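Structure first, then comments.
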């Protein structure tokens, strides 16, 4: 019985050591991930600073004029990527080959 108890205690000590090693590894991984996040943040800030001067800033006045002029002509305001707006679902044609849209 004493041998079983001694062996059990040995296993318990080994498990605690493994657990402590595992916690240390997790701490290292967490620290590395924090470093990566900081580096990515710096990259995005640098990219933003390099791209922003090339873009014309959109002011609230520009957006208001686009909305007002589009509203006066009965059209929707232009989209950001210059694609025409999608037709209203009720305006779409039903194609018998493909069936009605859901």
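In full-length UniProt numbering, the protein residues as written are 1 to 102. Note that the Cβ used here is the ideal one computed from N, Cα and C, for glycine as well. Computed from a prediction, not measured in an experiment: that's the story for all the values here.
Item                                                                                              : Value
Using the beta-carbon count (16 or more within 10 Å), is residue 79 buried or exposed?            : Reliability fails at residue 79, whose pLDDT of 49 lies under 50, so the model's placement of it is uncertain and the value that follows must be treated cautiously. Exposed, since its Cβ has fewer than 16 Cβ neighbours within 10 Å.
For the alpha helix (DSSP H) containing residue 32, name the first residue and the last one.      : 2-51
Could you compute how far the alpha carbon of residue 2 sits from the alpha carbon of residue 40? : 57 Å
By how many angstroms is the C-alpha of residue 16 removed from the C-alpha of residue 8?         : 12 Å
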